[in-house]
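Colleague: The opening position of the sequence shown corresponds to residue 64 in this note's numbering, with each subsequent residue numbered one higher.
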Amino acid sequence: MADRIGKLPSLNGVRVFEVVARHLNFRLAAEELGVTQGAVAQQIRGLEAELGLKLFERHPRTLAITEAGRSYVGSVRRALELISEATETLRPEPQHLTISVTPTFASKWLIPRLPDFTAAHPHIDLRILASDRISNFQTDAVDLAVRYGRPPFGPGLQADLLFEQVIVALGSPLLIEKLGRPEVSENLAGYALLHDAHNFWPRFLEQAMGKAAPVSASKNIRFNQTALALEAARGGQGLALASEFLIGDDVAGGHLVRLFETRMRVGADFYVVAPRKPRHAASVEAVRGWLLKESAKHRTGAVPGDGQ
């Protein structure tokens, strides 16, 4: 059996090679591995000597992988994944699964529902990566993602509709009582409009009022996150726009009220996306199924605040 396996290179060197190939930077590889930069360079030199070929081209400020290195790294990654899976099977532990979501989706929808998830799937250690940057399933070790856009999202990926992006307007009930309903154009001029990165307000007002409302620049406050605009709206600082599925808890709790009758579609929606061949298929399917089940509750149930 051992003869069939053949001579193996240093497995430690192979592991270091895979990390360096991902980062193309000795310093970043050293940080991930928790060793010194010199130790990383020494492992790569030793592996190259053992293999009798160069895996990287060293330049003054950059590191480039050679053709041989590119050919080698794909097989190495598959082999390391097999070793990892075999070890997990031999020594079962809570399955670590990383999901990539936007900060607003995390704070306004996912986190409030985590107790239900952990009760249903106690064996899954869910790790939430909240970022506006689109994560890479391979290089960022992401197993599942909630992405805003339009499919297809890429070859080898499965995408399922999670929520339609339907934009509604909201404000604090105390602010509405003070300034009057903003549907009246004379009242609207007294409100600050709270913008997020999508900048939907001009289009929304055109649909809601038949024209773009003339609002001075001093009446606009801009945030890079929808969650921040909603928090400002809760504090009575102005009117915010948000996806309908994100605001149910705030409306049900009386912190925000729905305004205008307009429900604006924008042509992009929220999807749960995962590789068609995930590393941890059973756990990915469990999380994906739970997300879709929770979204179905929203679609089939009454949306809080529709009567506002």
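The C-beta atom is built at its ideal place from N, Cα and C for all residues, glycine as well. If you're wondering where the values come from, they're calculated on a predicted model, not measured in any experiment.
Rounded C-beta distance between Asp-223 and Tyr-334? I'm assuming under 8 Å.
Modeller: 6 Å between Cβ atoms; contact.
Colleague: If you count every other CB in all the chains shown that lies within 10 Å of the CB of Gln-228, and 16 or more means buried, which is it?
Modeller: That one is buried.
Colleague: So Val-82 and Val-139 are in contact, right, with Cβ under 8 Å, and what is the actual spacing, rounded?
Modeller: No, Val-82 and Val-139 are not in contact; Cβ-Cβ is about 11 Å, not under 8 Å.
Colleague: Among Arg-339, Ala-290, Gly-301 and Gln-300, whose alpha-carbon lies nearest the alpha-carbon of Asp-312?
Modeller: Among Arg-339, Ala-290, Gly-301 and Gln-300, the Cα nearest to that of Asp-312 belongs to Ala-290.
Colleague: Out of Ala-349, Arg-108 and Pro-215, state which residue places its alpha-carbon closest to the alpha-carbon of Leu-116.
Modeller: With distances taken between Cα atoms, Leu-116 lies closest to Arg-108.
Colleague: So, does the CB of Phe-286 fall closer than 8 Å to a CB anywhere in chain B?
Modeller: Of the protein chains in the structure, only one exists, and it is not chain B.
Colleague: Run through DSSP, which three-state label would Tyr-254 get?
Modeller: Three-state DSSP puts Tyr-254 in coil, outside helix and strand.
Colleague: Please return the same chain residues whose Cβ sits closer than 6 Å to the Cβ of His-318, not counting the five positions on each side in sequence.
Modeller: Arg-297, listed in sequence order.
Colleague: Count the other C-beta atoms from every protein chain shown that fall within 10 angstroms of the C-beta of Thr-165, then say buried if there are 16 or more, exposed otherwise.
Modeller: Answer is buried; the Cβ neighbour count reaches 16.
Colleague: Can Ala-331 and Arg-351 be called in contact, C-beta distance under 8 Å?
Modeller: Not closer than 8 Å, so no.
Colleague: Closer than 7 Å to a non-hydrogen atom of the ligand HEM - does that hold for the CB of Tyr-211?
Modeller: Ligands are entirely absent from the displayed structure, and the ligand HEM is therefore not among its contents.
Colleague: Which runs of the alpha helix (DSSP H) fall wholly inside the region 148 to 226 and span at least 4 residues, in chain order?
Modeller: The region 148 to 226 contains these whole alpha helix (DSSP H) runs: 174 to 183.
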